[in-house]
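Quick note: the sequence shown uses the UniProt record's numbering, first residue 1, plus one each step.
Some notes on the structure that comes next.
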Amino acid sequence: MYGKEKFASVVILSYNSKEDLMECIPSLMSQTYPGFEIIVVDNASRDGSEEFVRTNYPEIKVVQTGKNLGYAAGNNAGI
Numbered sequence: 001m002y003g004k005e006k007f008a009s010v011v012i013l014s015y016n017s018k019e020d021l022m023e024c025i026p027s028l029m030s031q032t033y034p035g036f037e038i039i040v041v042d043n044a045s046r047d048g049s050e051e052f053v054r055t056n057y058p059e060i061k062v063v064q065t066g067k068n069l070g071y072a073a074g075n076n077a078g079i
């Protein structure tokens with residue numbers, strides 16, 4: 001493991017959080033650490049959150065749950 005970059009997955013659970021995503025994602029994207037991915041779990045939002053991420057950040061993985069799974073199951077969907 002020595003000498004290899006570590007990799008991290010950042011899971012963002014979102015439910016009608018478009019405005020928060022508009023701040024959170026650019027902040028994460030400005031990080032200098034190269035080894036990470038962003039996964040947004042859209043917990044059945046109705047505010048256009050999923051479309052916002054897919055349109056503006058195609059490199060981000062989006063998981064659409066279809067219904068609100070709650071906090072624990074929603075986070076698990078992103079793992």
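All residues carry an ideal CB built from backbone N, CA and C; glycine is no exception.
All values reported here derive from a predicted model rather than from experimental measurement.
Status (buried if at least 16 other CB within 10 Å, exposed otherwise) for residue i
| i | result |
| --- | --- |
| residue 36 | exposed |
| residue 9 | exposed |
| residue 79 | exposed |
| residue 49 | buried |
| residue 74 | buried |
| residue 1 | Residue confidence is low: residue 1 scores 48 on pLDDT, short of 50, so the model does not pin down where it sits. Its coordinate-derived value is still stated next. It is exposed - the Cβ of residue 1 has fewer than 16 other Cβ atoms within 10 Å. |
| residue 76 | exposed |
Integer-rounded CB distance, given that residue j should sit under 8 Å from residue i
| i | j | result |
| --- | --- | --- |
| residue 41 | residue 11 | 6 Å |
| residue 45 | residue 17 | 7 Å |
Residue range of the unbroken beta strand (DSSP E) whose run includes residue i
| i | result |
| --- | --- |
| residue 25 | Counting along the chain, residue 25 falls outside any beta strand (DSSP E), though it belongs to the alpha helix (DSSP H) covering 18-29. |
| residue 61 | 61-64 |
| residue 36 | 36-42 |
The alpha helix (DSSP H) enclosing residue i, as first and last residue numbers
| i | result |
| --- | --- |
| residue 50 | 49-56 |
| residue 72 | 70-78 |
The ligand ADP heavy atom lying under 8 Å from the CB of residue i
| i | result |
| --- | --- |
| residue 54 | With respect to the ligand ADP, the structure shown offers nothing to examine, as it has no ligands at all. |
Proximal residues to residue i (C-beta, below 8 Å), its chain only, five neighbours per side dropped
| i | result |
| --- | --- |
| residue 71 | 13 |
| residue 6 | 35 |
Is there contact between the region 62-76 and the region 19-37, where contact requires at least three CB pairs shorter than 8 Å? No, because fewer than three Cβ pairs between the region 62-76 and the region 19-37 fall closer than 8 Å, the two stretches do not touch.
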